[in-house]
Amino acid sequence: MAQYENSTIIQRKRILDFLRTRPLDTLTARKELDIMHPAARVMELRKQGLDIKTIKIDRQSDCGEIHRVACYVLEVRAAATAPTDKEDGILRQETDNLKHNMEVSL
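Residue numbers 11 to 116, in this note's numbering, belong to the letters of the sequence shown in order.
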């Protein structure tokens, strides 16, 4: 297991880095990220304005027991919606066509 600095700031950063790639459950936070109280760090991240959802899942501990634990999911909002075909006059079917893209690049 890797050695980590364990200030709350660094723990929050580890959680956020992990959540940017995939959901994080309590047991994984403790075992892989060395964060013993991930719920507190997630609460602090939420207070900073991040949209982190909690779902309850069943996970097997190292001892083989099933536990209901929190699983945290970072909600990412799209910065802007894509324009419709009518708004910008581009026909998406044409520009997304492989043959068309090859002809343009030649």
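From the three backbone atoms N, C-alpha and C, an ideal C-beta is built for every residue, glycine too.
*Burial state of A39 (16 or more Cβ within 10 Å)*: buried
*Nearest-angstrom Cα distance between E42 and I25?*
Each residue's Cα considered, the two are about 11 Å apart.
_Quick check on the DSSP output: the beta strand (DSSP E) that includes R22 runs from which residue to which?_
Counting along the chain, no beta strand (DSSP E) covers R22; the unbroken alpha helix (DSSP H) around it starts and ends at T18 to L29.
_In DSSP terms, what I76 is bridged to_ = Q70
*CA nearest to the CA of T64, picked from D72, K57 and V79*: V79
*For H34, which of helix, strand or coil comes out of DSSP?*
The identity of residue 34 in the sequence shown is Leu, whereas the question assumes His. Note: L34 maps to strand in three-state DSSP.
*For L55, which three-state DSSP category applies?*
helix
*Is the beta carbon of I67 less than 8 Å from the beta carbon of V83?*
no
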